[in-house]
Amino acid sequence: MKIEGIELRRVTMPLKTPFRTSFGVEHSRDVLLVRVVTPYAEGWAECVAMNEPRYNSEYVDGAADVLRRFLVPALPDDVDARTVGRLLAPFKGHRMAKAALEAALLDAQTRAGGESFGAFLGAVQDRVPSGVSVGISDSVGELLDVVEEFLAQGYLRIKLKIEPGWDVAPVRAVRERFGDDLLLQVDANAAYTLADAHHLRRLDDFGLLLIEQPLADDDLVQHADLARRIATPVCLDESIDSAEHAAAAISLGSCSVVNIKPGRVGGYLEARRIHDLCRAHGVAVWCGGMLETGIGRAANLALAALPGFTLPGDTSASDRYYATDLTAPFVLSDGHLTVPSGPGIGVDPLPDVLEDVTSSTEWIAR
Ligand code: NPG
Numbered sequence: 009m010k011i012e013g014i015e016l017r018r019v020t021m022p023l024k025t026p027f028r029t030s031f032g033v034e035h036s037r038d039v040l041l042v043r044v045v046t047p048y049a050e051g052w053a054e055c056v057a058m059n060e061p062r063y064n065s066e067y068v069d070g071a072a073d074v075l076r077r078f079l080v081p082a083l084p085d086d087v088d089a090r091t092v093g094r095l096l097a098p099f100k101g102h103r104m105a106k107a108a109l110e111a112a113l114l115d116a117q118t119r120a121g122g123e124s125f126g127a128f129l130g131a132v133q134d135r136v137p138s139g140v141s142v143g144i145s146d147s148v149g150e151l152l153d154v155v156e157e158f159l160a161q162g163y164l165r166i167k168l169k170i171e172p173g174w175d176v177a178p179v180r181a182v183r184e185r186f187g188d189d190l191l192l193q194v195d196a197n198a199a200y201t202l203a204d205a206h207h208l209r210r211l212d213d214f215g216l217l218l219i220e221q222p223l224a225d226d227d228l229v230q231h232a233d234l235a236r237r238i239a240t241p242v243c244l245d246e247s248i249d250s251a252e253h254a255a256a257a258i259s260l261g262s263c264s265v266v267n268i269k270p271g272r273v274g275g276y277l278e279a280r281r282i283h284d285l286c287r288a289h290g291v292a293v294w295c296g297g298m299l300e301t302g303i304g305r306a307a308n309l310a311l312a313a314l315p316g317f318t319l320p321g322d323t324s325a326s327d328r329y330y331a332t333d334l335t336a337p338f339v340l341s342d343g344h345l346t347v348p349s350g351p352g353i354g355v356d357p358l359p360d361v362l363e364d365v366t367s368s369t370e371w372i373a374r
């Protein structure tokens, strides 16, 4: 596929309400979009790096910089999107930036071939169950109201963000109020240490699906220790950057569930490798989210339709975060979102919305 040029576009998407995690509060999403232009089709992708390097070491200005200086120039004029991972491998890290470039090329290539991204990846579902991630609230009462509203909208699984001081009490309150049948899980974003094992064991009383990333991202051995000490299944997010990390985590016993985010692991093809590995080992996976706009969400839905994705993902509807999405909105139906079936990722940015939210564009000609 011949590349004519690549556009890096920055858009600012205000969030409907602030989203608080153990590492910070997001008020708006500063998104880097990558558009690849080829003679036969354009491809779009969204880079999930956040404004600041708090979730992991990447941040959006850094992603734009490494793309323009190293990653885009490393591509030959004629490229098969499936080889992009290998071409970019000499550059260390920067997985979110690499993932976005690869995804834009995969979109262009599958669009040109008239194939949907889901079909390309091996999707077996035409809709996927939706979970929702609920930020840290100012009070338990406020949290209960927020959860009630999401359940009324039809979300099939609730994930509560937790941190030291906001864990047992909110989990107990949600469990008591909404009952034992509610699919409930928690996400600590690495806010605890192994010294908290005894405290975290108190969460065993609440029948959680899983506890996500309780300890630091480089603590695979300590996660294995924690997993032996608590009954709640341990799920890893930040710790799993690649299929190699997933293999290590599985053999160490660090987790029994994996959150797969294509951006975090360097792309959808690496995400599929992790899926295949976990499936072969009987480890459940689910699709994480990074407050994507419709562009990133569309591609995530294709991934979440693979057979090993047996738990509901953070694949919520457009209106979870945005009053106006960049694409036609993804709407919840019976707790599910439809996997796009058109060529490529199956959605396009709406020109007027895109224009409105764009803060800068940069064209890298070939
Ligand atoms: O629904 O897209 C979504 C967001 C889901 O909670 C979510 N993402 O750690 O998984 C996470 C978390 C996150 C939030 C990551 C903010 C980065 C920033």
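Heads up, the sequence shown is in this note's numbering, so the first residue is 9 and it goes up one at a time. Glycine included, each C-beta is placed from N, C-alpha and C at the ideal position. All figures in this text were calculated on a predicted structure; none of them were measured in a lab.
First and last residue of the uninterrupted beta strand (DSSP E) at residue i
i	result
residue 378	Outside the shown range of the chain (9 to 374) lies residue 378, about which nothing can therefore be said.
residue 12	Residue 12 -> no beta strand (DSSP E), and no H or E assigned at all.
residue 192	191-195
residue 232	Per DSSP, residue 232 belongs to no beta strand (DSSP E); it is in the alpha helix (DSSP H), 228-237.
residue 77	Looking at the DSSP string, residue 77 is not in any beta strand (DSSP E), and its letter there is neither H nor E.
residue 344	344-346
residue 137	135-137
residue 165	165-169
residue 293	292-295
Distance between residue j and residue i (C-alpha atoms, nearest Å)
i	j	result
residue 177	residue 196	14 Å
residue 36	residue 20	7 Å
residue 287	residue 220	19 Å
residue 313	residue 121	20 Å
residue 363	residue 32	29 Å
residue 145	residue 59	22 Å
residue 227	residue 247	8 Å
residue 10	residue 115	14 Å
residue 192	residue 167	6 Å
residue 173	residue 202	16 Å
residue 236	residue 230	10 Å
residue 205	residue 217	18 Å
residue 82	residue 147	50 Å
residue 348	residue 124	8 Å
residue 198	residue 25	23 Å
residue 351	residue 142	33 Å
residue 107	residue 329	22 Å
residue 113	residue 275	11 Å
residue 305	residue 181	31 Å
residue 171	residue 245	16 Å
residue 99	residue 315	32 Å
residue 252	residue 40	27 Å
residue 16	residue 365	14 Å
residue 163	residue 85	44 Å
residue 259	residue 291	11 Å
residue 361	residue 158	26 Å
Residue nearest to residue i in terms of C-alpha spacing, selected from the options
i	options	result
residue 332	358, 347, 354, 353	358
residue 46	193, 131, 317, 119	119
residue 324	140, 71, 112, 33	140
residue 225	205, 272, 338	272
residue 208	184, 189, 179, 187	179
residue 269	49, 92, 103, 14	103
residue 129	278, 93, 263	278
residue 131	367, 309, 319, 351	309
residue 117	49, 12, 336	49
residue 299	56, 344, 204, 339	56
residue 255	342, 138, 372, 281	281
residue 261	153, 238, 275	238
residue 321	301, 343, 368, 334	343
residue 188	215, 326, 294	215
residue 18	27, 65, 70	70
residue 111	42, 101, 38, 338	42
residue 53	97, 355, 159	355
residue 265	319, 223, 297	319
residue 240	257, 263, 250	263
residue 250	285, 155, 134, 373	285
Endpoints, alpha helix (DSSP H) assigned at residue i
i	result
residue 37	Not the alpha helix (DSSP H): residue 37 falls in the beta strand (DSSP E), residues 32-45.
residue 154	148-161
residue 107	103-120
residue 303	302-312
residue 244	No alpha helix (DSSP H) contains residue 244, which is instead part of the beta strand (DSSP E) from 242-244.
residue 181	176-186
residue 331	Run containing residue 331: none; DSSP gives neither H nor E here.
residue 363	359-365
residue 205	205-208
residue 51	Taken as a continuous stretch (DSSP letters only), residue 51 belongs to no alpha helix (DSSP H), being part of the beta strand (DSSP E) at 50-55.
residue 94	92-96
Exercise. Enumerated in chain order, which unbroken segments of the beta strand (DSSP E) with a length of 3 residues or greater are wholly contained in the stretch 256-284?
Worked result: Listed in chain order, the complete beta strand (DSSP E) runs (minimum 3 residues) inside the stretch 256-284 are 265-268.
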